[in-house]
Amino acid sequence: MGKRVAIVGYGQTYQRSSRKDVNGVELINEAVVTALADAELTIRDIDAIVIGNMDHFEGINYVDMWSAEGSGAVMKPVIKVCTGGTTGTTVAMCAYYHVASGMFNKVLAIGWEKNSESDTTGAIITAFHPVWERPTLGGAVAGLAIEASKYMHNYGATERDGARVAVRERLHALNNPYAHLHQEWMKGIPPEKLVDLIVGSEQNAMLAYPLRMSDMCPRTDGAAAVIFAAEGSAEKIAPVPAWVHATANRHNFVYAGDVDMDRNTTIAEASKAVFKKAGVKEPLKEIDVCELYLPYSYAGLKWIEDIGFCAYGEGPRLLWDGVTDMDGELPINPSGGVMSSNAIGATALIRVGEAALQVMGKAGPRQVKGGNVNLALATGFGGCYWGDVMLLGKKKPA
Amino acid sequence: MTDWKDKVENMVYSGRIKVPYLWNVGKTGSRFLIAIRDNKEIWGTRCPGCGRVYVPPVKTCGECFVPTTEWVKVSDTGVLESFTVVHYSYEMQPRKAPLAYGLIKLDGADGAILHLIGDTDFAKLKTGMKVKAVFAEERVGSIADIKHFTPA
Amino acid sequence: MNDKKREDVELLSISSGEASQPFDWSVGKHGSYFLQQLRDNKKIVGIKCPGCQRVYVPPRPVCGHCFKGLTLDDIIPVSDEGTIYVCTIVQFGFVDPSTGIQRPVPYTWAFVKLDGADTCLTHFLDSTDAEKVKVGARVKAVFEEKRTGNLMDIKHFAVL
Amino acid sequence: MSKIAIVGVGQTTCTRSKIDTFEEMVFEAASKALADAGAEIGDIDNVVTVSNDFWDGRTISSMAVQEAAGSWGKDVSTVEGDGTFGALYGMMRILSGSFDTTLVVSHMKGSESIMNLITNAMFDPIYQRGMGIDATSAAALQARSYMTMSGATEEDFARVSVKNHGNAKNNPYAQLPMKITVGDVMASRKIAEPLKLLDCSPIGDGAAAVVLSNKKGLKRFRKEPVWIKGVAHCSDSFTLGYRDLAKSRALKEAAQKAYKMAGIKKPLKDLDVAELYDAYSYMELMWYEGLGFAPEGKGYELIRENATGMKGELPVNPSGGVVSSHPVFVAGMVRLIEATLQVRGEAGKRQVKGAKTALAHGINGPCGQAHCVYVVGA
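Chains as they are written, first to last, in this note's numbering: chain A, 1 to 398; chain B, 399 to 550; chain C, 551 to 710; chain D, 711 to 1088.
Laid out in structure tokens, this is it:
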């Protein structure tokens, strides 16, 4: 049987709109060096590397090869995975399987993107079918807008509900020095009032109905690295390792026009599989904190229903009741989430890294529950509507 | 049996991917390219671990995985370690075939630099021969500010 | 330059310029037949999986649910009318990766579920009037006069 | 470590400009692998697809073929790299204890774009890409570096091409079976000196798939298992000019690890057959050295003595190798499939008699930057 695996180190660059001072390889190196320092390891301790991003975002083919001198892959095993928005969690899962297999003891997972180097929407459109989809597609924004409008249509959710999610993410980001968006003006204003200001703002441009600027994630340059280690080593490296209790993913559709817009079925199925494996029966009660891949506001309503935190249509109530705020029963995205930083290939890995920080009690100003976090959930969402889920915990899994 | 199926064409959809990119050179690389552009000088970085001098410069030595700490000016002449004369054409090539590439170890550097070889009879190229950088008249801050290398 | 500190180096960037990669993607027999029907007969076809009975538009060679190969014999006609499953009005500007230039906005992008189909065709609508382009609205394909065997032989779907 | 078995293999023919779509090719390879294993998609616990976005002209290309690989409702992943790396990940997913069986599928349609442009994009955009360097011109630089280091000649490269194209005549899946002479190779059109047309692999379209299983999963399959006895991968540095192009130290590292796992002490003797990733003829000689078949700089002795011919001490590339068919990203997985067929005794006219232990090899990146080595056996 496989080995138990824990996260023992995490490093990220400051997530910024443009990092002109470094090229891609140097950006990757920053995250790797930070993660190694966090775990007090050197690159010699690392047995294998997994890296991910999307080729057409930077226009670099064979990124695992090109980045070897910065990632630490010189004379090491390295593999690349690339699955759109889920890239970061797919990288994390790949690193997890490397260690769990017993073939490698300590594995470095890297996700990165320099969105400033291209037109992000243009690059995203290349993820779709050239004959059937590319001619009319409007990138991720349009793809998410249609999902939002269906959710509003089905459950009567409003623009204010969406804005409430955005407000939570941006308020949380103020506690995270690594986050890209720091909307200082929001400080000290109650969420209800902020929702009024955002919904009523004329500068808040409509991108694709119902999504305004405030509902979307930014375009970010950034990198992240997470170190996974096998039991036996993990306990020695980290005082409180973040154990991987379960991880799962589900594949759904290949053609965009096939997608079920009523529910996010992949995140639902993957969550179900993870909870079953980890013995979680009441997610809302048992899970202490979440780092969810929510690329736009309405995902923060609908997808938490799909994960199983509440019944269908009740997402808005959870938000307005403050359940998902920093001091709520289930804080979601203390880091500020994807809506505050989105270096696409790094984004889902940051969810895993941030969830690990919460378990390890190392999240600093964004730490929840006084560091008393037993279970933290991280998710990824990406192209072809994949759902990736990873559950981390303080106790070594059975 | 049903001939309509034999009449179905095999269509091909001709398109392209044209996403515009603007790659950041970074601080380390910028300093290297600016020295060529402004002063026709070639600089590398030295690894404090293994002592290698990298040209073009690296911020981190891939072998030792430590940051380079020292800038070193190297010669604009060096040794041709390997070369090829290319006889085919495609659109990314900056000049018409036949064209030649070389790996040139500049005097004072350890790593070789990849560049074009020009202004010479390609039949006379030999590994181990001395070559010299020829700088472009108009320099803009790219690796093409070295026009090519030519036998010294 | 001289009075700048050494650390204060000018930061350069390199442009990809006009570089692009051309492709000749195979459409496949199933897709080709669909495009041929658009071009020659202004007709829209789907493919029905004999296993799960789902009707896919556009036709494809494999039913994902059943992991079953679908043949040209499984192709069936579907209507050129249908309903809007979901839609949005795209208002922000972006570079079309097929041309390298900005795609004109605003435009309405919709998932159209044609009568007789179980999946949607993604296409343009003829209107950007938020009152008209709504989930559940009826639409009909409008064909181009000159058709070349391309998805854009359907000019757009008109809201009825 | 518990062992993983290859229980099913499937490959399409390799040809130029297939009319099939990516989906059709993936479906064909996956279906063949399942049929070979005597299994159905329900016997598969998880799926790994392998491809490359630049070659496919589509971001997340490996996700776009998941339905054709039978991923519906399953736990799945992807690898962007040679198929050998994908199979390795598929194997890890089983070893983790989460799954008993994995289907791994790789596809490539090199004919849909322009190889030079696609491989130019793997070079650094700041210092190298603008010069128009691509896979072939970079390989030519490596070939010359290797000649300088080793004393191998262009005729030695030609001998590899003659052997492999000749072997391809016994392989119904190969793209370029040819009876040629050293003189033919030497006289063929100059591409990038010292490489000539017949030193270079053709661009091809193809797909391949393998079904992997642990011991527990074996009862689902009809086929006798071929065991993965050793496997390892390793990457060298990237930048041409920083890496010693003449020596394949990353291959050496990977091979030593794989040999240790498999208990191989004298590879030339202990192995019965090897399938190597010879994208250009000269590479095969370099890989001999990296794999320990010959001392550094002496790879040419094996080809001159015909030690790697069908009747030699260690037949290399009975299938015709990559120089005879090159669906990039698939070619390494095809090596693994060919090694499996050899061990099963199912390699038809290209069978090496009595083969019990076989080596398969995949590469990634410019000039064989990264390598993945498998030792498989009965």
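Cβ coordinates follow ideal geometry from the N, Cα and C atoms, glycine included.
Could you tell me if residue i is buried or exposed, where buried requires 16 or more neighbouring beta carbons within 10 angstroms of its beta carbon?
i               : result
residue 651(C)  : exposed
residue 123(A)  : buried
residue 185(A)  : exposed
residue 826(D)  : buried
residue 408(B)  : exposed
residue 445(B)  : buried
residue 799(D)  : buried
residue 1082(D) : buried
residue 403(A)  : In the structure as shown, chain A begins at 1 and stops at 398. Residue 403(A) is therefore absent and cannot be evaluated.
residue 1001(D) : buried
residue 89(A)   : buried
residue 568(C)  : exposed
residue 625(C)  : buried
List the residues of chain B whose Cβ lies closer than 7 Å to the Cβ of residue i, in chain order.
i              : result
residue 68(A)  : 460
residue 649(C) : 416
residue 560(C) : 428, 432
residue 950(D) : 501, 512
residue 586(C) : 406, 407
residue 8(A)   : Those do not exist, as residue 8(A) stays about 19 Å from chain B at its closest Cβ, beyond 7 Å.
Under 7 Å between beta-carbons, which chain A residues line up against residue i? List them in chain order, please.
i              : result
residue 427(B) : 23
residue 424(B) : 21, 22, 23, 26
residue 943(D) : 77
Looking only at DSSP bridge pairs, what is residue i linked to?
i               : result
residue 788(D)  : 759(D)
residue 943(D)  : 1082(D)
residue 1033(D) : DSSP, once it has assigned bridges, lists no residue as partnering residue 1033(D).
residue 1069(D) : 984(D), 1085(D)
residue 1051(D) : DSSP lists no partner for residue 1051(D).
residue 503(B)  : 477(B)
residue 388(A)  : 249(A), 380(A)
Using the beta-carbon of each residue, which ones in chain A are nearer than 8 Å to residue i?
i              : result
residue 646(C) : 122, 125
residue 795(D) : 79
Taking C-beta pairs closer than 8 Å, name the residues in chain B that residue i reaches, listed in chain order.
i              : result
residue 572(C) : 412, 413, 414
residue 340(A) : The contacting residues do not exist; residue 340(A) stays about 22 Å from chain B at best.
Could you tell me which chain D residues have their CB closer than 7 Å to the CB of residue i, listed as they occur along the chain?
i              : result
residue 614(C) : 777, 782
residue 198(A) : Going along chain D, no residue has its Cβ under 7 Å from residue 198(A), so there is no contact; the nearest lies around 32 Å.
List, in order along the chain, the chain D residues whose C-beta lies closer than 9 Å to that of residue i?
i              : result
residue 591(B) : Since the first and last residues shown for chain B are 399 and 550, residue 591(B) lies out of range.
residue 467(B) : Residues of chain D passing the Cβ test: none, with the nearest at roughly 18 Å.
Note down, in chain order, every chain C residue with its Cβ under 8 Å from the Cβ of residue i.
i              : result
residue 441(B) : By Cβ distance, chain C contributes nothing, its closest Cβ being about 12 Å from residue 441(B), past 8 Å.
residue 835(D) : 564, 566
Can you pull the chain C neighbours of residue i, defined as C-beta to C-beta under 9 Å?
i              : result
residue 206(A) : 639, 641, 642
Against residue i, what residues of chain C qualify as contacts under a CB-to-CB distance less than 7 Å, listed in chain order?
i              : result
residue 136(A) : 659, 672, 673, 674
* **Segment contact flag, the segment 570 to 589 of chain C with the segment 694 to 705 of chain C, C-beta cutoff 8 Å, min 3 pairs** => yes
* Residues within the segment 797 to 821 of chain D neighbouring chain C, beta-carbon criterion of under 9 Å -> 819, 821
* To do: Count the CB pairs spanning the segment 160 to 168 of chain A and the segment 721 to 739 of chain D that are closer than 8 Å, and state whether there are at least three.
  => no
* Near-chain C residues of the segment 160 to 187 of chain A - C-beta to any C-beta below 8 Å -> none
* Count the CB pairs spanning the segment 79 to 91 of chain A and the segment 50 to 63 of chain A that are closer than 8 Å, and state whether there are at least three. => yes
* Select from the segment 658 to 680 of chain C all residues with a C-beta closer than 7 Å to any C-beta belonging to chain A, and list them in chain order. => 659, 661, 669, 670, 671, 672, 673, 674, 680
* According to a CB-to-CB cut-off of less than 9 Å, which residues of the segment 43 to 61 of chain A neighbour chain C? -> 56, 59
* Could you say if the segment 445 to 464 of chain B and the segment 861 to 876 of chain D meet the contact criterion of at least three C-beta pairs nearer than 8 Å? => no
* Members of the segment 721 to 755 of chain D near chain B, C-beta cut-off 8 Å -> 729
* Does the count of Cβ pairs from the segment 211 to 229 of chain A and the segment 299 to 306 of chain A closer than 8 Å reach three? -> no
* **Three CB pairs or more closer than 8 Å across the segment 1069 to 1088 of chain D and the segment 956 to 964 of chain D** => yes
* Give a yes or no on contact between the segment 892 to 910 of chain D and the segment 783 to 797 of chain D, applying the rule of three or more CB pairs nearer than 8 Å. => no
* Check whether the segment 62 to 77 of chain A touches the segment 126 to 146 of chain A, taking contact to mean three or more Cβ pairs, one atom from each stretch, closer than 8 Å. => no
* **Near-chain B residues of the segment 844 to 872 of chain D - C-beta to any C-beta below 7 Å** => 847, 850, 851, 854, 855, 858
* To do: Name, going along the chain, the residues of the segment 478 to 495 of chain B whose beta-carbon falls closer than 9 Å to a beta-carbon of chain C.
  => 489, 490
* Asked: Taking contact to mean at least 3 C-beta pairs separated by less than 8 Å, is the segment 431 to 449 of chain B in contact with the segment 458 to 472 of chain B?
  -> yes
* Contact between the segment 1068 to 1082 of chain D and the segment 782 to 792 of chain D (3+ Cβ pairs under 8 Å) -> yes
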